[in-house]
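This report refers to the structure that appears directly beneath it.
In this note's numbering, the protein residues as written are 7 to 223.
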């Protein structure tokens, strides 16, 4: 699989759900995801990716999850993951679980999308519109959780014509089997799969590479 070009003018780092309820021990589902989050050092790797993107002038976009009291009370026809989230009040808009983890607090290089209500922001937030309006056609994708929101964003991004580089170790899941299943699907669906170490230098030098390409033209 050939390397996808990371052009600072048309690439974004898209991080799904960099929030307490997926990434910190006080998460309401830490018993399900905590082991693989810690084994993969997900927070540290997401920080590395964000810092590299900032250095390379690549915008960082967060696609967060959030639910309100009305949604917890009134939603019907919940699927299995919905039921888990609603039973635990995961990503409660009035609680701390929906907060961004302190290490990934949005900065001037971060754009926060409206919250997605299902697994893919292409269906329930403004990710598609925001990417298109900002001239983005290539994504470096990481975050939580591997076989749910990451994979769903990946599938819909590809279906909508984006090139996607998926970072396989900057994510986790509810157990090794779920994580391995996601990695298998990443390999089939993404245009390129990488580790954090593989892609940080490419992100960090994206701006200079773009300038060099423009000068050659």
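Note that CB positions come from ideal geometry on N, CA and C, so glycine has one too.
Over what stretch of residues does the alpha helix (DSSP H) that includes residue 40 continue unbroken?
Element bounds for residue 40: 36–45.
I'd like to check one pair, residue 110 with residue 53: are the Cβ atoms closer than 9 Å?
In contact: residue 53 and residue 110 (Cβ atoms closer than 9 Å).
At which residue ranges does the stretch 127–153 contain complete alpha helix (DSSP H) runs of 4 or more residues, listed in the order of the chain?
Counting only runs of 4 or more, we get 127–130, 133–139.
Could you tell me which uninterrupted beta strand (DSSP E) segments, each at least 3 residues in length, are contained entirely in the stretch 90–134, listed from first to last along the chain?
Listed in chain order, the complete beta strand (DSSP E) runs (minimum 3 residues) inside the stretch 90–134 are 116–118.
Quick one: measure Cβ to Cβ for residue 206 and residue 55, integer angstroms, because I've assumed they're closer than 8 Å.
About 6 Å; that satisfies the 8 Å criterion.
Express the C-alpha separation of residue 174 and residue 148 in angstroms, rounding to a whole number.
The alpha-carbon atoms of residue 148 and residue 174 are separated by roughly 7 Å.
Could you tell me if residue 131 is buried or exposed, where buried requires 16 or more neighbouring beta carbons within 10 angstroms of its beta carbon?
Label assigned to residue 131: buried.
Are there 16 or more other CB atoms within 10 angstroms of the CB of residue 46, so buried, or fewer, so exposed?
Answer is buried; the Cβ neighbour count reaches 16.
Using 8 Å for Cβ pairs, my map puts residue 72 next to residue 104. What's the rounded Cβ distance?
Yes, they are in contact, since the Cβ atoms of residue 72 and residue 104 sit about 5 Å apart, within 8 Å.
Assuming residue 182 and residue 42 form a contact by the criterion Cβ under 8 Å, report the distance between their Cβ atoms to the nearest whole angstrom.
Going by Cβ atoms, the distance from residue 182 to residue 42 rounds to 7 Å, so yes, they are a contact pair.
Look at residue 146 and residue 14 and say whether their C-beta atoms are less than 9 Å apart.
In this structure, residue 14 does not lie closer than 9 Å to residue 146 by Cβ.
In the DSSP assignment, find the alpha helix (DSSP H) that holds residue 54 and state where it starts and stops.
That run of the alpha helix (DSSP H) goes 48–61.
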